[in-house]
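Residue numbers (my numbering): 231 to 521.
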């Protein structure tokens, strides 16, 4: 967060930070180690007991059959709070935690989903344990309308703005954008946007082709016309096309982050070659443009 503040504190490219990813455990409701057992048999935290309006006592006495999951959720959330609190002390951006979800309609055994994570049934616990988080966000991969909208309803609360930080990327999920917008959602992020039904080169072609009508409209709207291309513009276009083609090819060979980083090294390479071979010293703004 300190680094983010130093490099982006003035521009605010990053406006929110996720703390951890889909916390919780599968196959076991909670930790049953000797240390955990000693804490579980001890008194439940006063802050949590008061927040949920329960009677003081150990975890079982205070929360009954929900004690195991509530215990796990509290301690995971307290860990996330320590991370978020330390981060906000360096750079006070809004922070959130995302959730691998449980069934939003029917009861579900806690050992069959990410127990302890910020699922809808423990939102109040996470709110009490991790006040540095601005919100809790669902990762929605249910295709059917009833289940998906029930997930949205569980997280769209007066104390928790709806932010869908992950949702599936096939055609069935697109319709949910309008539902999330309609219930006051503040964000909608389909997961895995590099996935395409076409190959990398066809994808690159259609990306450029769809942009052409808009480019032409902007040219004519500015009172200009399309002219005959010069040899230099043709050469530049060929190299730009190769750049786009190689970038899209790399997307299926490595991660999006790696391919984007490597292809953008070309900007640095061009500047350095021009400086060394052509003795054209880059402008002072060049390093900032690279950043």
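For each residue, glycine too, the CB sits at the ideal point set by N, CA and C.
Taking buried to mean at least 16 other C-beta atoms within 10 Å of its own C-beta, is residue i buried or exposed?
i           : result
residue 298 : buried
residue 471 : exposed
residue 317 : buried
residue 396 : buried
residue 403 : buried
residue 306 : buried
residue 400 : exposed
residue 375 : exposed
Kindly examine the ligand GDP and report whether one of its heavy atoms sits closer than 7 Å to the Cβ of residue i.
i           : result
residue 428 : Ligands in the displayed structure: none, and consequently the ligand GDP is not present.
Just the C-alpha distance for residue i and residue j, rounded to the nearest angstrom, thanks.
i           : j           : result
residue 319 : residue 304 : 22 Å
residue 406 : residue 333 : 18 Å
residue 352 : residue 300 : 7 Å
residue 360 : residue 475 : 45 Å
residue 284 : residue 356 : 16 Å
residue 249 : residue 350 : 18 Å
residue 512 : residue 505 : 7 Å
residue 434 : residue 335 : 42 Å
residue 233 : residue 278 : 34 Å
residue 255 : residue 293 : 20 Å
residue 414 : residue 490 : 33 Å
residue 385 : residue 268 : 33 Å
residue 459 : residue 432 : 24 Å
residue 289 : residue 262 : 14 Å
residue 469 : residue 498 : 16 Å
residue 237 : residue 494 : 18 Å
Let me check one thing: in DSSP terms, what residues is residue i bridge-paired to?
i           : result
residue 328 : 367
residue 393 : 417
residue 288 : 273
Would you mind giving the Cβ-Cβ distance between residue i and residue j, rounded to the nearest angstrom? I have them listed as a contact below 8 Å.
i           : j           : result
residue 365 : residue 391 : 5 Å
residue 358 : residue 281 : 4 Å
residue 252 : residue 347 : 6 Å
What is the residue span of the alpha helix (DSSP H) that residue i lies within?
i           : result
residue 312 : 297 to 320
residue 409 : 406 to 412
residue 429 : Looking at the DSSP string, residue 429 is not in any alpha helix (DSSP H), and its letter there is neither H nor E.
residue 385 : 375 to 385
Could you tell me whether the Cβ of residue i comes closer than 8 Å to any Cβ of chain D?
i           : result
residue 280 : Judged by its chain identifiers, the structure shown contains no chain D, having just a single protein chain.
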